[in-house]
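Novice:
Residue numbers (the working numbering), protein chains in the order written: chain A, 1 to 433; chain B, 434 to 866.
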């Protein structure tokens, strides 16, 4: 199963090297298979299947948009406690495709379930019947275009034929490449940790902002672990950690109809049973899951459209986390802040503006602002040793840290974003010309 | 009092012709005077005084930002029922200037009050003493820089010396030019109407988005009428009309610390007394005021940074005006919508996205979307006669109308914005290089 060169060419745009990626190896209980279903005009992997031969517990979080794609409706309707397969297609978001789009998924799920049942009979000592409501879908790409049901359904046999029970780093890379739209880089991350005295793996892949007519930014994230955790525990851990990772990033403040992050637990490692996420034994897993989600989230931002700078906005000592979040995103979503950073300009006036427009009441006399370790505002006044040249120099860095200390409480929130450049406009306005 | 050429050069960038502007003539009870106080490095009018020799009733609305400039604090503290003067400076926003900035205004107000009192003695039969709390301030420009108190105070005698009691269109143009920062065009508008059987004038000037280090978008609007209306009636009329005019525009979703719109009534026309804004006699004035405010607002958007297209976003048949407003601004502030329009791309998928992310619950099956007269979505589906070429052609227009019909109620809201272009990034990122 060689790497599809066309997927890799994309990822070379940013001159990323193999060493930039962690080595994801075998993760027991999950199999990956990728094909080219000709969803694009060029030849590239665009359809990925994850197969859990013994099923997987799972949990998902979905876009907050009030208009959601058909696959998210499908996923929300699934009543099965165990998932057998996750199928992800690119190029078509299956949003605004109406009952046809939903029916397409049903057909594909039935085809996949029937053929995976046959594979169970071939491969397993005690084969299980797999039903269509054990198939989850991720869709990303164009909205409003007819869903390519036939193209995808026709590739199910090939996807299943390609299933191998031992994974390696190339197969994970192929999966990460296969779910990309116009991402420049694949996004993979991993951690290992202990639950009780058992070692478990947490592997993740994601895709970020992609643009295809009529295009919108979409985010997909899939996490896999060989740990044995219930749907309930997975759901609580995912929700807890998503707030400070995938829900802490913004590229342009626009939300897709298709965003989803899912976690699958194959249960191959027989760790102690966890009934409650406050159980100390899950503490390390919780932390490691956060790291994987944060790692993927940051990779999405770094690969944001036209990005030249990675920006961290940390709001400290707020009265509530909610207020800190509102201020952080007011700054992170401000075009004026983002263009100033693109221009390498330590334009703190725009930070003040963004704090002010957030609507959160602050005590100006207590406000401190720093860029990295450079103090700019202290107790509501320009810091006495503030040196504009020093600040200008700092703005040349690739990573810019904005620290706003409200000195009003004990809560904090960190948002991640990138700068706003001409390249962003080019990608989003000029791509047709 | 010749026009300052440097102010006009700015305004010629867009090749505007004199006929693009209405002719504001004499408005009884208001005098205008402009000078160059050397607030910029180049010679241009940057300080404007409006003088109401017999006082003026007035009302103001201010920025919703939680961080406001010192002049807005000053204005909010004024207890006087009548205003004698409005002084507007550019180049310095007097925001984040602390007690020094406030003290500066106090000094200038005292100087102006004392010298205007002397002018009263010279010019009036029954001279009145003018006090410092009859002076209102508009400031716009850099934030966080020391307020140029001395430069402004030293120019008060010259401002007062230049006061003439008869205004003409050049004087109004000078005032509109004198309050600009990096606006490309002056913004003036006028209407005439009747209150009872009396003809009254409503004149207005405004400034829009301007960028000077550390720069932020600022909006100032000043309306003058010779009608005789109380502070209470002015305040109610202004608040009522601001929602659908100045508060219906967005350039980049960022809010300044300095925004203000004020209305002044000189009372020179002895129209019937209006006690209640539901009085039929004020109906025409109400409508005319709306036109003046809307005219100025649209001029601000058209002159928005880097704008090449003027975009109207009309949300119709909503359950509530609030929901219509939320959806309208979700579209109008979306970078993806604005870049698509810059690229002349009828990318309706992004409109759907922006409706979805607004958080307002809609009934997808009832949704219709048009670009101008071109139907795109009808009852939640792509319109059967939708023709992509026709839509692409429409996008070449300078004015783009987006109409979203929710078919869920009877309320509506219209927002105005412009496209997001590389020029915007240039102005806001590259201006220092």
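Don't be surprised by glycine CBs; every beta carbon is placed ideally from N, CA and C. Computed from a predicted structure; not experimentally measured.
Please state the DSSP three-state secondary structure of residue 307 of chain A.
Specialist: Note: residue 307 of chain A maps to coil in three-state DSSP.
Novice: Give a yes or no on whether 8 Å exceeds the smallest Cβ distance from residue 149 of chain A to chain B.
Specialist: Output row for residue 149 of chain A: interface = no.
Novice: Would a check of beta-carbon distances place residue 144 of chain A closer than 8 Å to chain B?
Specialist: With 8 Å as the cut-off, residue 144 of chain A counts as an interface residue toward chain B.
Novice: Do the stretch 90 to 103 of chain A and the stretch 58 to 70 of chain A touch if we need at least three Cβ pairs shorter than 8 Å?
Specialist: Touching, yes.
Novice: In this structure, how does DSSP classify residue 411 of chain A when only helix, strand and coil are distinguished?
Specialist: Residue state, collapsed to three classes: strand.
Novice: Are residue 459 of chain A and residue 60 of chain A close, meaning C-beta to C-beta below 8 Å?
Specialist: Residue 459 of chain A falls outside the range modelled here, since chain A spans only 1 to 433, and no answer is possible.
Novice: Assuming residue 636 of chain B contacts residue 603 of chain B under a Cβ cut-off of 8 Å, what Cβ separation, rounded to an integer in Å, is found between them?
Specialist: Rounded, the Cβ-Cβ distance is 14 Å, inconsistent with contact.
Novice: Quick check on the burial criterion: 16 or more other C-beta atoms within 10 angstroms. Buried or exposed for residue 706 of chain B?
Specialist: Per the 10 Å Cβ criterion, exposed.
Novice: According to DSSP, is residue 232 of chain A part of a helix, a strand, or is it coil?
Specialist: The answer is helix: DSSP assigns residue 232 of chain A an H, G or I state.
Novice: First and last residue of the beta strand (DSSP E) that includes residue 167 of chain A?
Specialist: It is not in any beta strand (DSSP E) - residue 167 of chain A carries neither H nor E in the DSSP assignment.
Novice: In its own chain, which residues sit with a C-beta less than 6 Å from the C-beta of residue 189 of chain A, not counting the 5 before and 5 after it?
Specialist: For residue 189 of chain A, where only same-chain residues beyond five positions count, the Cβ hits under 6 Å are 204, 292, 295 and 296.
Novice: Just the Cα atoms here: how many angstroms apart are residue 383 of chain A and residue 475 of chain B?
Specialist: Spanning the two alpha carbons is a distance of roughly 30 Å.
Novice: Does residue 361 of chain A come within less than 8 Å of chain B when only Cβ atoms are used?
Specialist: Answer yes: the Cβ-Cβ gap between residue 361 of chain A and chain B drops below 8 Å somewhere.
Novice: Kindly say whether residue 267 of chain A, judged by its beta-carbon, lies nearer than 8 Å to any beta-carbon of chain B.
Specialist: Chain B, which has no Cβ nearer than 8 Å to the Cβ of residue 267 of chain A, makes this no.
Novice: Tell me where the alpha helix (DSSP H) around residue 40 of chain A begins and ends.
Specialist: Neither: residue 40 of chain A is in no alpha helix (DSSP H) and is coded neither H nor E.
Novice: Give a yes or no on whether the C-beta atoms belonging to residue 531 of chain B and residue 381 of chain A are separated by under 8 Å.
Specialist: The answer is yes: Cβ separation under 8 Å.
Novice: Among B:596, B:768, B:509 and B:857, which has the Cα closest to the Cα of residue 553 of chain B?
Specialist: Nearest C-alpha to residue 553 of chain B: B:596.
Novice: Measure how close the beta-carbons of residue 250 of chain A and residue 333 of chain A come, nearest whole angstrom, since I'm counting them as under 8 Å.
Specialist: Indeed they touch by this definition, with Cβ atoms about 6 Å apart.
Novice: Taking residue 226 of chain A as the reference, which of A:107, A:56, A:175 and A:74 has the closest Cα?
Specialist: Of A:107, A:56, A:175 and A:74, the residue nearest in Cα terms is A:56.
Novice: Would you kindly work out how many angstroms separate the C-alpha atoms of residue 565 of chain B and residue 589 of chain B, rounded to a whole number?
Specialist: Roughly 13 Å between the two C-alpha positions.
Novice: Among B:663, B:746 and B:719, whose alpha-carbon lies nearest the alpha-carbon of residue 703 of chain B?
Specialist: The candidate whose alpha carbon is nearest that of residue 703 of chain B is B:663.
Novice: Report the option in A:108, A:377 and A:103 whose CA atom is closest to the CA atom of residue 153 of chain A.
Specialist: Checking every option, the nearest Cα to that of residue 153 of chain A belongs to A:108.
Novice: Checking contacts by CB at 8 Å: is residue 96 of chain A closer than that to chain B?
Specialist: Chain B, which has a Cβ nearer than 8 Å to the Cβ of residue 96 of chain A, makes this yes.
Novice: Mind checking the stretch 654 to 680 of chain B against chain A and listing, in chain order, the residues whose C-beta falls within less than 9 Å of any C-beta there?
Specialist: Answer in chain order: no residues at all.
Novice: If we ignore side chains and look at the alpha-carbon of each, how far apart do residue 605 of chain B and residue 591 of chain B end up?
Specialist: One C-alpha to the other measures close to 18 Å.
Novice: Below 8 Å between beta carbons: does that hold for residue 419 of chain A and residue 300 of chain A?
Specialist: The answer is no: Cβ separation not under 8 Å.
Novice: Are the C-beta atoms of residue 356 of chain A and some chain B residue less than 8 Å apart?
Specialist: So yes, residue 356 of chain A belongs to the interface.
Novice: By a C-beta neighbour count over all protein chains shown, 10 Å radius and 16 as the cutoff for buried, is residue 343 of chain A buried or exposed?
Specialist: Flag for residue 343 of chain A reads buried.
Novice: Assuming residue 808 of chain B is part of the beta strand (DSSP E), what are its boundary residues?
Specialist: Residues 807 to 811.
Novice: For residue 65 of chain A, go through chain C and note every residue whose CB falls closer than 8 Å to its CB, in chain order.
Specialist: Structure shown: chain C not included; protein chains present are A and B.
Novice: Starting from residue 86 of chain A, follow the beta strand (DSSP E) in both directions and report where the run begins and ends.
Specialist: Run containing residue 86 of chain A: 83 to 89, per the beta strand (DSSP E) assignment.
Novice: Near residue 401 of chain A, what residues of its chain come up, given a Cβ to Cβ distance below 6 Å and the 5 sequence neighbours on each side ignored?
Specialist: Same-chain partners within the cutoff: 312 and 372.
Novice: Using a Cβ-Cβ distance cut-off of 8 Å, determine whether residue 831 of chain B contacts chain A.
Specialist: No, its Cβ sits nowhere closer than 8 Å to a Cβ of chain A.
Novice: Buried or exposed, going by whether 16 or more other CB atoms sit within 10 Å of the CB of residue 165 of chain A?
Specialist: Per the 10 Å Cβ criterion, exposed.
Novice: Which term fits residue 192 of chain A, buried or exposed, when burial requires 16 or more other beta carbons within 10 angstroms of its beta carbon?
Specialist: By the 10 Å Cβ count, residue 192 of chain A comes out exposed.
Novice: Would you mind reading off the limits of the alpha helix (DSSP H) that contains residue 791 of chain B?
Specialist: Careful: residue 791 of chain B lies outside any alpha helix (DSSP H) and carries neither H nor E.
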